[in-house]
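Number of protein chains: 2
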Amino acid sequence: MPLGRDYDRQDCAPARALEVLGERWTLLVLRDCFFGVRRFGDLRAHLDIPRAVLADRLATLVDAGVLERRPYAPGRDEYVLTADGLDLWPALFTLARWSDRLRVGPGGGGRRFRHADCPAGGADLTTGGLCPACGTLPPATSLETRSLDPDEDDGSRPERDDAVSRALRHPHRLVTPLP
Amino acid sequence: MPLGRDYDRQDCAPARALEVLGERWTLLVLRDCFFGVRRFGDLRAHLDIPRAVLADRLATLVDAGVLERRPYAPGRDEYVLTADGLDLWPALFTLARWSDRLRVGPGGGGRRFRHADCPAGGADLTTGGLCPACGTLPPATSLETRSLDPDEDDGSRPERDDAVSRALRHPHRLVTPLP
Numbered sequence: 057m058p059l060g061r062d063y064d065r066q067d068c069a070p071a072r073a074l075e076v077l078g079e080r081w082t083l084l085v086l087r088d089c090f091f092g093v094r095r096f097g098d099l100r101a102h103l104d105i106p107r108a109v110l111a112d113r114l115a116t117l118v119d120a121g122v123l124e125r126r127p128y129a130p131g132r133d134e135y136v137l138t139a140d141g142l143d144l145w146p147a148l149f150t151l152a153r154w155s156d157r158l159r160v161g162p163g164g165g166g167r168r169f170r171h172a173d174c175p176a177g178g179a180d181l182t183t184g185g186l187c188p189a190c191g192t193l194p195p196a197t198s199l200e201t202r203s204l205d206p207d208e209d210d211g212s213r214p215e216r217d218d219a220v221s222r223a224l225r226h227p228h229r230l231v232t233p234l235p
Numbered sequence: 057m058p059l060g061r062d063y064d065r066q067d068c069a070p071a072r073a074l075e076v077l078g079e080r081w082t083l084l085v086l087r088d089c090f091f092g093v094r095r096f097g098d099l100r101a102h103l104d105i106p107r108a109v110l111a112d113r114l115a116t117l118v119d120a121g122v123l124e125r126r127p128y129a130p131g132r133d134e135y136v137l138t139a140d141g142l143d144l145w146p147a148l149f150t151l152a153r154w155s156d157r158l159r160v161g162p163g164g165g166g167r168r169f170r171h172a173d174c175p176a177g178g179a180d181l182t183t184g185g186l187c188p189a190c191g192t193l194p195p196a197t198s199l200e201t202r203s204l205d206p207d208e209d210d211g212s213r214p215e216r217d218d219a220v221s222r223a224l225r226h227p228h229r230l231v232t233p234l235p
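Line order of the protein sequences matches chains A and B.
The first sequence begins at 57 in our numbering and counts up one residue at a time.
The second sequence begins at 57 in our numbering and counts up one residue at a time.
Now the structure itself:
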């Protein structure tokens, strides 16, 4: 029995969200957009993803209102998170943290995300994307990400050397374009 | 070019989480587990899902450490969220709320989730799963869900009449078994 594309007989919101987000590679593309990657070529080099698959995922995210396509030069577009797309940050953060913990245990793995605009001085986000210093759930635009300190790194991640990977070795404000 | 199952060349946690959660139906199964559904027959009747697909998704969730399989009678098992599974609540809530808003606009759609154990009197969860009364991110076990009030319901959801749908017409504490 084929599964209908719209889970017609279900009244469930997660089913509809997954229609957009559940396709392979889509969350990775979205993660890069939160990191500030905006251009097709940068996404492709960083994700090592086939051109046709990336084009398909970007089109789906634009259709869903998650990304907006904007010209930045004649004949060239970039992809920018919309307000609806930015709202997905807590889900993306929670999924990332959760899978990290399953893989390498509590506290291990992954990048750090600090509440840079925190009125209480800032701290690394904890469960669910909460800032433990001010007790709020900061928007992605007020966060800075950094890679693990050398003594925290378990060495399990392959080193990559594309432009996005190199830029992300330095602390970076989320959503703003990478240098 | 086939996509490898493990996104081998990516260091990204969301990719790994999606290996588990991205399969069609999996988030729906998980949502029902948060509602307190534990038995194969109840899941099947509520989700209207083919038997083989449900068995496959439950096995995947058990393998990933999200659900635990427990005997409740000779030869009969039920599926219960593990501690790791319970930690997925903020992501599930955020995805559900997000897709609801895209579909029916701000404030519309979906169920309500109230922080029943709130020291500040409790309120319906807002963005990211925050309780606006006490400012914390409550665990699923301290929440009560209820369907929309009749004047809030936009009538877009089909009425279902299985045992789980009937039980969920009344306020219910998350994670505890449905009556």
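Even glycine gets a Cβ: it sits at the ideal position worked out from N, Cα and C.
Verify the CB distance criterion: does residue i have a CB-CB separation below 9 Å to chain B?
i, result
"residue 197 of chain A", "no"
"residue 217 of chain A", "no"
"residue 189 of chain A", "no"
"residue 127 of chain A", "no"
"residue 178 of chain A", "no"
"residue 150 of chain A", "yes"
"residue 76 of chain A", "yes"
"residue 186 of chain A", "yes"
"residue 246 of chain A", "Limits of chain A in this structure are 57 at one end and 235 at the other, which puts residue 246 of chain A out of reach."
Which same chain residues end up closer than 8 Å to residue i when comparing Cβ atoms and leaving out the 5 residues on each side of it in sequence?
i, result
"residue 138 of chain A", "121, 122, 123 and 124"
"residue 81 of chain A", "103, 105, 109, 110 and 113"
"residue 184 of chain B", "146, 149, 150 and 193"
Alpha carbon to alpha carbon, how far is residue i from residue j?
i, j, result
"residue 221 of chain A", "residue 147 of chain A", "23 Å"
"residue 169 of chain A", "residue 186 of chain B", "19 Å"
"residue 194 of chain A", "residue 171 of chain A", "7 Å"
"residue 145 of chain A", "residue 115 of chain A", "20 Å"
"residue 182 of chain A", "residue 130 of chain A", "42 Å"
"residue 176 of chain B", "residue 189 of chain B", "6 Å"
"residue 174 of chain A", "residue 191 of chain A", "10 Å"
"residue 204 of chain A", "residue 227 of chain A", "10 Å"
"residue 167 of chain B", "residue 86 of chain B", "16 Å"
"residue 100 of chain A", "residue 107 of chain A", "7 Å"
"residue 142 of chain A", "residue 133 of chain B", "41 Å"
"residue 154 of chain B", "residue 127 of chain B", "36 Å"
"residue 76 of chain B", "residue 83 of chain B", "10 Å"
"residue 152 of chain B", "residue 152 of chain A", "17 Å"
"residue 179 of chain A", "residue 97 of chain B", "46 Å"
"residue 135 of chain B", "residue 135 of chain A", "41 Å"
"residue 95 of chain B", "residue 216 of chain A", "45 Å"
"residue 218 of chain A", "residue 79 of chain A", "24 Å"
Let's see if you can read the secondary structure: which residues bound the beta strand (DSSP E) around residue i?
i, result
"residue 199 of chain B", "199-202"
"residue 171 of chain B", "168-171"
"residue 123 of chain B", "123-129"
How would you write the range of the alpha helix (DSSP H) that residue i sits in, first residue to last?
i, result
"residue 88 of chain B", "82-91"
"residue 95 of chain B", "Premise fails: residue 95 of chain B is in no alpha helix (DSSP H) and is neither H nor E."
I'd like the list of long-range same chain contacts for residue i, defined as Cβ closer than 6 Å, with 5 residues on each side in sequence excluded.
i, result
"residue 118 of chain A", "125"
"residue 89 of chain A", "137"
Where does residue i fall in DSSP's three states?
i, result
"residue 140 of chain B", "helix"
"residue 233 of chain B", "coil"
"residue 217 of chain B", "coil"
"residue 156 of chain B", "helix"
"residue 226 of chain B", "coil"
"residue 183 of chain A", "helix"
"residue 104 of chain A", "coil"
Excluding the five sequence neighbours on either side, which residues of its own chain have a C-beta within less than 7 Å of the C-beta of residue i, listed in chain order?
i, result
"residue 229 of chain B", "172 and 200"
"residue 140 of chain B", "121 and 122"
"residue 93 of chain A", "99, 102, 220 and 234"
"residue 224 of chain A", "91 and 203"
"residue 198 of chain A", "171, 172 and 173"
"residue 232 of chain A", "92"
"residue 196 of chain A", "90, 142, 145, 230 and 231"
Would you please verify whether the beta carbon of residue i is less than 9 Å from any beta carbon of chain A?
i, result
"residue 146 of chain B", "yes"
"residue 201 of chain B", "no"
"residue 116 of chain B", "no"
"residue 119 of chain B", "no"
"residue 41 of chain B", "This structure cannot speak to residue 41 of chain B, because chain B is shown only from 57 to 235."
"residue 143 of chain B", "yes"
"residue 63 of chain B", "Any reading at residue 63 of chain B is ruled out, since the residue's pLDDT is 48, under 50, leaving its predicted position unreliable."
9 Å is my cut-off, CB to CB: does residue i come that close to chain E?
i, result
"residue 181 of chain A", "Of the protein chains in this structure, namely A and B, none is chain E."
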